[in-house]
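Some notes on the structure that comes next.
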Amino acid sequence: MVDTPGTGFEDIDLLRAGDGVTVSEIDAWFVREVLPLEAILMQFLRRNSRNKSDVADLCQEVYMRVYETARERLPERAKPFVFATARNLLVDRVKHEQVVSIETVADLDTLNIAIDEPGPDRVVMARDTLRRLQAALERLPQRCREAVVMRKIEGLSRPEIALRMGITEHTVNRHLTDGMCLLADLVYGEAVEPRSNL
Amino acid sequence: MSGDNIARAPDAEVVRAQAASWLLRRRDYDVWTEEDQCALDRWLDESLAHRIAYLRLEAIWRDADRLTILRPRSERRVVATLRRFIPTLARITVSFVVAATLAYGVYFYISSPVERTYATGVGEHKVVTLADGSRIELNTDTSLQMRSGTTDRHVTLARGEAYFKITHNARAPFVVETGNYRVVDLGTEFVLRQDNGKLNIDLVEGSARFESSDADGSKQRSIVLTSGDAVVATADSLSLKRKSADQMADSLGWRRGMLVFHRTPLAEVVAEYNRYNAQKIEIVDQSIAQRTITATLPVNDIEAFARIADNFFGLHVTRRGNNIAVSR
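Protein sequences appear in the order of chains A and B. Each residue of the first sequence is one higher than the one before, counting from 821 in the numbering used here. Each residue of the second sequence is one higher than the one before, counting from 152 in the numbering used here.
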């Protein structure tokens, strides 16, 4: 795995011709192409970052760099571009630390293998989103799930949910915001589980 | 926004929590004012991290809406819910911001809008370009009234079919009303067609919110439509299908004067033709009504249809006064 001949990141055909990308184009591209890579990106960052606690911050920073670059032009292929960005970020991090560990540098040279690892490719993602959401819904903490189901499936308003659950609107809000974050983590952030029967 | 944002990335967890509260307020509260929108826009522009966290949650929260409608109809609870709201379906709203309807309704009465009527006769096609760059195309036999004020743009589709490509303006949402349905949209491309109490919405580009309400305005449920979604609403049913980009383009064939049929039953082909022409086609022999036809034909050229029906589909074409009768 480690000695896969290195296809350098530099020679990747990053950009599509044309300039001036509108914000809504970038937004749509980001949701469609970049977010589905989150599971493997997180995995990649977790494995290659020495400080495991700041993986979420690293991920955020990768996203920001990717988005910033996409403003000029949308990358032709999202996956290599996202991982090239992640790699550069890790290299920058290492450079800024006073002590450079030899292992870190060695690791960085082999990072590109991650590109070829199986990941939720966007076509699969699009087809599976609803099923994944449904599965994710089942995994929410009970009260949180109840609130989300009432809101999204039964279409109740927040005050109605508060009444039904016998809690304050404030608590309903908390369940719903927790629900959003957890659903996003479960749908985007987790590696694809083996396909189960429909 | 500048590259500086990258150097000062805020704590991811904090940003996420803030994004979630914003999203909840914007999409799940009943009131969302222009001031709220400005405040949200400011927050989104503050840091790229904000925008991305918001986008990420919004995509999921939006998809979660669709979970409902795509559930098997056999699920009793869902069916019961649908039954409850459909007969009382009085208003359908398409928008990015649900609650904007309420808030902007107020602005609408304050502003002094300019009112105009646009109409097409049978077989006509008219393109209207608005001052803001938005584009409306009226298909055959269509009539709509346009009122535009400084804080809202309002269209009433009295009959027929129209294509809308809307220039986004958060301060002046675009509202389309037809019969008992109401559509509010903030920057997408869609087609609305209504005939005999049936409303079709094709969402060509972007995304929008589709919402049904009771007569008293209380919100029942909403679905987020993204490009490729096709809604068919009647008084007692509501369905959401996916259409491919090609299918969307085919249904928009009229914009370039063509009707595109793919294995379309003859009965439907004839009904389409009759929308566009004063000269009517009539199927005499019902046994051929379900035969399918794949062809791209000019909307106004009924003779072309007659020739093709005769030469390629082996049908018998006769003149009946001004009209054309088709039989086996």
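For each residue, glycine too, the CB sits at the ideal point set by N, CA and C. Keep in mind it's a predicted model, so treat the numbers as computed, not measured.
{"query": "With a CB to CB cut of under 8 Å and the five nearest residues on each side skipped, what residues in its chain are close to R167(B)?", "result": "A204, L208"}
{"query": "Quick check on G274(B): does DSSP put it in helix, strand or coil?", "result": "coil"}
{"query": "Can you find a CB in chain B that lies within less than 7 Å of the CB of M1000(A)?", "result": "yes"}
{"query": "Say whether chain A places a C-beta atom closer than 7 Å to the C-beta of R227(B).", "result": "Low confidence applies here, because R227(B) scores a pLDDT of 35, under 50, leaving its location unreliable and the question unanswered by this model."}
{"query": "Where I973(A) and N908(A) are concerned, what is the direct C-alpha to C-alpha distance, given to the nearest angstrom?", "result": "43 Å"}
{"query": "If we ignore side chains and look at the alpha-carbon of each, how far apart do G284(B) and V450(B) end up?", "result": "27 Å"}
{"query": "Can you tell which of L195(B), I475(B), S378(B) has the C-alpha that lies nearest to the C-alpha of D397(B)?", "result": "S378(B)"}
{"query": "Please report whether the beta-carbon of W183(B) lies at a distance below 7 Å from any beta-carbon of chain A.", "result": "no"}
{"query": "Opposite G284(B) in the DSSP bridges: which residues?", "result": "None, per the DSSP bridge assignment."}
{"query": "Under 6 Å from any heavy atom of the ligand ZN, does the C-beta of N908(A) make it?", "result": "The ligand ZN is not part of the structure shown, which contains no ligands of any sort."}
{"query": "Based on Cα-Cα distance, which residue from L1003(A), D1005(A), D998(A) lies nearest to S172(B)?", "result": "D998(A)"}
{"query": "Under 7 Å between beta-carbons, which chain A residues line up against W212(B)? List them in chain order, please.", "result": "M1000"}
{"query": "According to a CB-to-CB cut-off of less than 8 Å, which residues of the segment 885-916 of chain A neighbour chain B?", "result": "R885, Y887, E888"}
{"query": "Would you kindly check if the distance between the Cβ of K392(B) and the Cβ of A381(B) is under 7 Å?", "result": "yes"}
{"query": "Who pairs with D353(B) in a beta bridge, going by DSSP?", "result": "V342(B), A381(B)"}
{"query": "Taking 7 Å as the cut-off, decide whether the C-beta atoms of V886(A) and V854(A) are in contact.", "result": "yes"}
{"query": "Leaving out five residues before and five after T905(A) in sequence, what residues of the same chain have Cβ atoms less than 8 Å from its Cβ?", "result": "V882, R885, V886, T889"}
{"query": "With a threshold of 7 Å between beta-carbons, can A982(A) be considered close to chain B, or not?", "result": "no"}
{"query": "Return no unless some Cβ of chain A is closer than 7 Å to the Cβ of A200(B).", "result": "yes"}
{"query": "Taking the CB atoms as reference points, tell me whether I475(B) and A457(B) lie closer together than 7 Å.", "result": "yes"}
{"query": "At a CB distance below 9 Å, what residues from the segment 384-401 of chain B approach chain A? Give them in sequence order.", "result": "none"}
{"query": "Identify which residue in S438(B), E288(B), V326(B) has its Cα closest to the Cα of T302(B).", "result": "V326(B)"}
{"query": "Does any residue of chain A bring its CB to less than 7 Å from the CB of L376(B)?", "result": "no"}
{"query": "Run the CB neighbour count on L482(B), radius 10 Å, all protein chains shown included, and call it buried at 16 or more, exposed below.", "result": "Here chain B covers residues 152 to 479 and nothing more, so residue 482(B) does not appear."}
{"query": "According to DSSP, is T291(B) part of a helix, a strand, or is it coil?", "result": "coil"}
{"query": "Assuming A418(B) and Q441(B) form a contact by the criterion Cβ under 8 Å, report the distance between their Cβ atoms to the nearest whole angstrom.", "result": "7 Å"}
{"query": "What runs of the alpha helix (DSSP H), each 4 residues or longer, lie entirely inside the segment 963-995 of chain A?", "result": "978-985"}
{"query": "Out of C189(B), V306(B), L174(B), V182(B), which one is the CA nearest neighbour of I211(B)?", "result": "L174(B)"}
{"query": "Taking all protein chains shown into account, do 16 or more other C-beta atoms lie within 10 angstroms of the C-beta of A323(B), making it buried, or fewer, making it exposed?", "result": "buried"}
{"query": "Can you list, in chain order, the stretches of the alpha helix (DSSP H) that have 4 or more residues and sit fully within the segment 854-891 of chain A?", "result": "858-868, 875-890"}
{"query": "Could you pull the DSSP bridge partners for Q296(B) from this structure?", "result": "T268(B), T307(B)"}
{"query": "Along the chain, where does the beta strand (DSSP E) that runs through R566(B) open and close?", "result": "The shown model of chain B, from 152 to 479, leaves out residue 566(B), and the question about it has no answer."}
{"query": "Please classify S402(B) as buried or exposed, where buried requires at least 16 other C-beta atoms within 10 Å of its C-beta.", "result": "buried"}
{"query": "Using a 10 Å radius around the Cβ and a threshold of 16 neighbouring Cβ atoms, would you call C1001(A) buried or exposed?", "result": "buried"}
{"query": "Where does N462(B) fall in DSSP's three states?", "result": "helix"}
{"query": "In the DSSP assignment, find the unbroken beta strand (DSSP E) run with S521(B) in it and report its ends.", "result": "For residue 521(B) there is no data in the structure shown, the boundaries of chain B being 152 and 479."}
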